[in-house]
Every structure is written in structure tokens, then in C-alpha cells.
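Undergrad: Residue numbers (my numbering), protein chains in the order written: chain A, 72 to 307; chain B, 72 to 307.
In this text, a Cβ means the ideal position worked out from N, Cα and C, and glycines have one as well.
First the structure, then my questions, so here it is.
2 protein chains.
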Amino acid sequence: MSAQLASNAIMFDIRTAKRSIGIAPTQTTVTSIDDGVEAMEMMGARMTFDRDAEIFGESEAADFVYRVVSGAVRTYKLLSDGRRQIGDFHLAGDLFGLEAGAEHRLSAEAICKTEVMVFRRANLFSLAARTPAVGRALWAETARELERAQTHLMLLGRKSACERVASFLSALGEREPKASEIALPMSRQDMADYLGLTIETVSRTFTQLQSDGVISLSGCRRVHVKNRGALARLSA
Amino acid sequence: MSAQLASNAIMFDIRTAKRSIGIAPTQTTVTSIDDGVEAMEMMGARMTFDRDAEIFGESEAADFVYRVVSGAVRTYKLLSDGRRQIGDFHLAGDLFGLEAGAEHRLSAEAICKTEVMVFRRANLFSLAARTPAVGRALWAETARELERAQTHLMLLGRKSACERVASFLSALGEREPKASEIALPMSRQDMADYLGLTIETVSRTFTQLQSDGVISLSGCRRVHVKNRGALARLSA
DNA sequence: CGTATCGTTGAAATATATCAATCGCAGTGG
DNA sequence: CCACTGCGATTGATATATTTCAACGATACG
């Protein structure tokens, strides 16, 4: 694994630790020394992965849960002949690799140099067993993933190439509602494998959206959304 | 809602009630009178829905969880112009309509005359708050749904029409590993909207699989799998 | 037994894929 | 600093899988 284990995190406040795995800190309070110990165990180690480095593989033991600190991650499945379907992209702040079962059901790779925090699943589980709020937060996270997958199903099953690209850009744009400039950490191939298209079709669609005045490209990894409304309408 | 509320269930054993919502009965035991009361509340009312009757709609309050007793259910999303993507089919024994959040994110309809058991979500939640095993079972159920969705994404994004139909039949066939006869409760349109195809393509693929000797059709709702291996191979 | 709905088949249209060539930028070494 | 190199992106021409449009057939239902 082409990753380097960085120094352990230095935070000590349990609320910070819990926020760092996506659990609202107001929902739990420090009530005992055990919780303090738990907090230390919960705090993730930081790791960095190079571009295209594997973070975990499909059907590997899911002993860790990850949170993107910086960079971007793709999760995907492969068919035996190499066809790839990307399930989701995970950007800064996103959790990934959380499984209810013992094994990962998708593989995960860093899209670019990526820093993540790593949490022991066993610690989350034991914490959840004692703190109902934590258990519910884990469930809610899986439910969020499911919701995204269901939206993705609609995109793949029933939308045209143009609608897929527009939906994708719209969704990315909504992560920064103020900014109209979208940075694309992923390649055209990654987008194609996420959208169920080929690179050529993705590329052609970008240039068409550009000539229609909906977006403008400044280098292939930087999109300026000139007409957010049009993009939303094209998303169907 | 074209459904009739049947007489309340008559079971009283809490283990039966818990098994009926998909929680391994061995993991919990009756320890108090409260549990007994809980069991009564848990036990679902039986309801029947006519063909094409709506069970719940997208973004409706998710106050109930359902289990198919007999018949079949489709869950789906619609685009504003009427395009439909079916998320999943639920057959006898399957749970559906379970949400971590307050609202349903898909609509559900009976495919044929269908009997379901209905459970109050609030009861499940309060039980889960006290019984970690129940909470984990709910999470596991959502995780199962997510896993199915991820497989479905692969199908829609990267498989050919023939591979989609073969995958679909294979998966249905695996529900009855012994029997080689598959009953299709759903129409060609339902299959098309599940597989991201048109009815014509589904129909043509069926006839092609038949002329290739992989399946044989006895009436359009009954498929005899003549060559399970070939079907699996065609599923990619 | 008639009628409506669903499924099948055919022919033509089209969106997207495939194959192939060129472009352009980022990194590298002279 | 500039040319060289290589990979990713774009563009073009062509192929093709699937859709669309249309007619016909079968099946279930009243």
C-alpha cells in the first residue's frame, strides 16, 4: 500500500472526535472516564495516499472507516472483463468505507494525492453498542449512501448523456453554493465510469455545454458554471 | 388508498414478532412485561393492496415499515416528464419502506394483488433505542438495500441489454435455487424500467435467449431456465 | 365471444460507442 | 528557457446497439 502513516492525531476532546466521524457532538456528552478513553481510540490516524493508490479492495475486511481530509476518492466495482462502474466520489469531509457487514463491497482509490483519517470499525461498533445516538448516526450514514445510490440509479437508467453530465455538474456545484467555479479532481475516464458513458461522449458533452453557453472550461479540470438555471433544467 | 385493513395479527410470541421483521429471534429474549407489550405493538397489521395500488409515495412520511407476505411490490422514482426508474422488486418475505429519515425516498406500488404486514416505525425505533441488536438489524437491512443498489448500478451503467436481462433472471432464479421455473409477477414495462431498457428490447432479448436455448417461455410470465450456467455466463 | 391490454415482431431512426487521428498541457531533461 | 515526451483530452468518421414508430398477435377479462 503506497501510503504513509502520519503522526497520530493530537486532539483529545471527545466532541471533536465525534464530530470528526460525522456524529453531531451535541447528541452525546462525556459522562465517564471510559468515554475519554473511547475518544482517544476513536480519533483517527492520518494517512496520505498517492494518486491512484488503492485504499481498500472489494471483499477485503472492512476493519476501518475513512474520512477524506483533503483530496478525493473514488469507490468502484469491476466486472471480470475490466468494465468499471464508479459508485461515488468522496471529497473533503466525506465519510467512506463504512460497512455494516465484515467486508467492503466496493474498492476505493485516491483520485489525487489524498489525506484521510482512519477509524477502527471495532471502536465505532463498541461505542455504538453503548451509545444509541452513535448507532443511529452509523445507520443514517448508510442511509445517506443509499439515497445517493438511488439517485444515481435514476441517472444511469433513464437519463441521456447530456442530462447525466448536467446532473453531475449540478450536484458538484451544490457542494459550493456560492462559488460558480467547479474543480474536477477526476479524469474524464472517471466521470465516464461514474456516468455510464465513454470518455469521448463526456468530452463531447462538455464542449457542447460550453458552446451552448451553459459552462466554460478553463483547462479540462476547471468548470465555470455560467448558467446554473440552464444546467439544472438540463439535469431533467 | 385501495387497500383493506385486515384483522390484526393473532401471534403473541415476541420471538415470532421479531422474526417477522427480520431480526434473528435468538438474539433477544423476553425479559419483562414491557417486552410483551412491545411485541404486541410490533406485530404488524395485515393489509392487502390491489394490482397497481400505491402503498406509499415518494417524500411521504415514512411512518410504517412493510413486509411482503404474498404478492410483489415495486419501488420507484419518477422524473418530471414521467420517466420511471424502478429501484427494486420486493417478493414474499422481503422488507421494504424502511427509512432512517422521516420520509420515503421512493414510491411503492403493488405489482399484483399483494398482502403485506405493516409495522409502526416509531415502535421499531423505540425498541431499537433500548435493544442494540434491533438497532443493528435495522442498519443491516439498510446496508443490504445499499448492496443491492450498488449491484444495480453496475448493471445499469456498464452492462449490455442481454447481460441485464440475464442478470435479472439469474438473480430471480437464485431465490429458488432448486426450482428451474421462474414466475415473473411483473410486466415487461416493469422489467424495462428496472433494467433501464424499453419493453421492446426486453421482449426481443427474451426471444433471443429462448432461441439460443438458454430459457423457454411458457406464457410471458413463466420462464423455464434450461441452462443456468449459460445464463450466469451471459450475466457478465 | 368481443374487447382491451400486453407482448411480440419489423423497419427505420438515433444516440452513443468505437476506432483513429490530432491536440495540448505538464513534467523532464538538455 | 525551450524543445521533447507522454498521457489525457478533444475532435472526426463510422459502426452499432438500442430506441422509436408502427403493425400485428396473444392473452386475459368481462
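1) Measure from the C-beta of glutamate 163 of chain B to each C-beta in chain A and report whether the shortest distance is under 8 Å.
2) Identify, in the order they occur along the chain, each residue of the same chain with its Cβ nearer than 7 Å to the Cβ of threonine 276 of chain A, setting aside the five sequence neighbours on each side.
3) Use the C-beta contact count for alanine 260 of chain A: other C-beta atoms within 10 angstroms, 16 or more gives buried, fewer gives exposed.
4) Can you confirm whether histidine 223 of chain B, when its beta carbon is compared against all beta carbons of chain A, has any partner nearer than 8 Å?
5) Which runs of the beta strand (DSSP E) at least 3 residues long sit entirely within the region 129-164 of chain A? Give them in chain order.
6) Work out the CA separation of alanine 220 of chain B and arginine 299 of chain B for me, nearest whole Å.
7) Using the rule of at least 16 other Cβ atoms within 10 Å of the residue's Cβ for burial, across every protein chain shown, is glutamate 216 of chain B buried or exposed?
8) If we define contact as Cβ-Cβ less than 8 Å, is threonine 119 of chain A a contact residue for chain B?
9) Label aspartate 121 of chain A either buried or exposed according to how many other C-beta atoms from any shown protein chain fall within 10 Å of its C-beta, with 16 as the threshold for buried.
10) Once the 5 residues before and after leucine 266 of chain B are set aside, which same chain residues still bring their CB inside 8 Å of it?
11) For threonine 269 of chain A, which residues from the same chain have a beta carbon less than 7 Å from its beta carbon, with the 5 sequence-adjacent residues on both sides left out?
12) Give every residue of the same chain whose Cβ lies closer than 6 Å to the Cβ of lysine 169 of chain A, excluding the five residues on either side of it in the sequence, and list them in chain order.
13) Quick one: grab the DSSP three-state call for isoleucine 182 of chain B.
14) How would you label aspartate 283 of chain B, buried or exposed, when you count the other beta carbons within 10 angstroms and need 16 or more for buried?
15) Under 8 Å, Cβ to Cβ, is there at least one residue of chain B near leucine 217 of chain A?
16) Taking 8 Å as the cut-off, does the region 174-192 of chain B touch the region 118-133 of chain B (at least 3 CB pairs, one atom from each stretch)?
17) Mind listing the chain A neighbours of alanine 237 of chain B? Cutoff is C-beta to C-beta under 8 Å, in chain order.
18) Assuming contact is defined by CB atoms lying nearer than 8 Å, are phenylalanine 160 of chain B and arginine 138 of chain B in contact in what I supplied?
19) Where arginine 155 of chain A and leucine 280 of chain A are concerned, what is the direct C-alpha to C-alpha distance, given to the nearest angstrom?
20) Return yes when the Cβ of serine 241 of chain A is within less than 8 Å of the Cβ of serine 289 of chain A, no when it is not.
21) Below 8 Å on C-beta distance, what does glutamate 170 of chain A contact in chain B?
22) Would the beta-carbon of arginine 219 of chain A be found less than 7 Å away from any heavy atom of the ligand SAM?
23) Does the separation of the CB atoms of valine 187 of chain A and methionine 257 of chain A fall below 8 Å?
24) Within its chain, find whatever has a CB closer than 7 Å to the CB of histidine 295 of chain B; leave out the 5 residues flanking it on each side and keep chain order.
25) Name the residue from B:Ala124, B:His223 and B:Arg201 whose alpha carbon lies nearest to the alpha carbon of alanine 181 of chain B.
26) Whose CA, out of B:Leu224, B:Leu255 and B:Gly244, lies closest to the CA of lysine 297 of chain B?
27) Which chain A residues sit within Cβ distance under 7 Å of alanine 220 of chain B?
28) Closer than 8 Å by C-beta to arginine 293 of chain B: which residues in its own chain qualify, once you throw out the five before and the five after it? Chain order, please.
29) Where does glycine 164 of chain A land, buried or exposed, given buried means 16+ other C-beta within 10 angstroms?
30) Which first and last residues belong to the beta strand (DSSP E) in which alanine 200 of chain A is found?
31) Using a cut-off of 7 Å between C-beta atoms, extract the partners of glycine 228 of chain A located in chain B.
32) Identify the contact partners of arginine 176 of chain A in chain B, using a Cβ-Cβ distance below 7 Å as the criterion.
33) Can you pull the chain A residues whose beta carbon is under 9 Å from the beta carbon of proline 203 of chain B, in chain order?
34) Is phenylalanine 249 of chain A buried or exposed, if buried means 16 or more other CB atoms sit within 10 Å of its CB?
35) Do you know offhand how far glutamate 271 of chain A's Cα is from threonine 278 of chain A's?
36) Residue range of the alpha helix (DSSP H) that leucine 305 of chain B falls in?
TA: Taking the definition as stated:
1) First, the residue type needs correcting, since residue 163 of chain B is alanine and not glutamate in the sequence shown. So no, alanine 163 of chain B is outside the interface.
2) If we look at threonine 276 of chain A and ignore the five residues flanking it on each side, its Cβ neighbours are Ala232, Cys233 and Val236.
3) It is glutamine, not alanine, that sits at residue 260 of chain A in the sequence shown. A residue is called buried once 16 or more other Cβ atoms fall within 10 Å of its Cβ, and glutamine 260 of chain A, having fewer, is exposed.
4) Cβ-Cβ to chain A under 8 Å: yes for histidine 223 of chain B.
5) Listed in chain order, the complete beta strand (DSSP E) runs (minimum 3 residues) inside the region 129-164 of chain A are 135-141, 143-149 and 155-162.
6) Each residue's CA atom was taken as its position, placing arginine 299 of chain B and alanine 220 of chain B some 24 Å apart.
7) With 16 or more other Cβ atoms within 10 Å, it is buried.
8) Taking Cβ atoms only, chain B never reaches closer than 8 Å to threonine 119 of chain A, which makes this a no.
9) Its Cβ having fewer than 16 others within 10 Å, aspartate 121 of chain A is exposed.
10) Cβ neighbours of leucine 266 of chain B within its own chain (closer than 8 Å, five residues either side excluded): Leu226, Leu227, Ala232, Arg235, Val236, Phe239 and Val273.
11) Counting only Cβ-Cβ distances below 7 Å, and skipping sequence neighbours, we find Ala263.
12) This sequence places leucine at residue 169 of chain A; lysine is not what is there. Cβ contact annotation for leucine 169 of chain A (same chain, cutoff 6 Å, sequence separation greater than five): Val136 and Glu212, in chain order.
13) In this structure, DSSP gives isoleucine 182 of chain B a state outside helix and strand, which the three-state scheme calls coil.
14) Exposed, because fewer than 16 other Cβ atoms sit within 10 Å of the Cβ of aspartate 283 of chain B.
15) Taking 8 Å as the CB threshold, leucine 217 of chain A lines the interface with chain B.
16) Contact between the region 118-133 of chain B and the region 174-192 of chain B is present, because at least three Cβ pairs lie under 8 Å.
17) Residues of chain A passing the Cβ test: none, with the nearest at roughly 13 Å.
18) Not closer than 8 Å, so no.
19) Using only the alpha carbons, I get a separation of about 26 Å.
20) Cβ distance not < 8 Å, so serine 289 of chain A and serine 241 of chain A don't count as in contact.
21) Ala214, listed in chain order.
22) Here there are no bound small molecules, and the ligand SAM is not part of this structure.
23) No, these two residues do not count as a Cβ contact at 8 Å.
24) Here histidine 295 of chain B has Ser251, Glu252, Ile286, Ser287 and Ser289 as same chain residues with Cβ atoms under 7 Å from its own Cβ, once five neighbours each way along the sequence are excluded.
25) Measuring from the Cα of alanine 181 of chain B, the nearest candidate turns out to be B:Ala124.
26) It is B:Gly244.
27) Neighbours of alanine 220 of chain B on chain A, chain order: Leu217, Ala220, Gln221 and Leu224.
28) Closer than 8 Å at Cβ, skipping near neighbours: Glu252, Ile253, Ala254 and Leu255.
29) Classification of glycine 164 of chain A: exposed, given that the 10 Å Cβ count is below 16.
30) Element bounds for alanine 200 of chain A: not the beta strand (DSSP E) but the alpha helix (DSSP H), 192-201.
31) Here the neighbours are Gln156, Leu227 and Gly267.
32) What arginine 176 of chain A touches in chain B, judged by beta-carbon distance under 7 Å, is Glu218 and Gln221, going in chain order.
33) In chain order: Ala199, Ala200, Arg201, Pro203 and Gly206.
34) Before going on, a small fix: residue 249 of chain A reads as lysine here, not phenylalanine. Lysine 249 of chain A should be labelled exposed.
35) Rounded to the nearest angstrom, the two C-alpha atoms are 11 Å apart.
36) 299-305 is the span of the alpha helix (DSSP H), which, as asked, contains leucine 305 of chain B.
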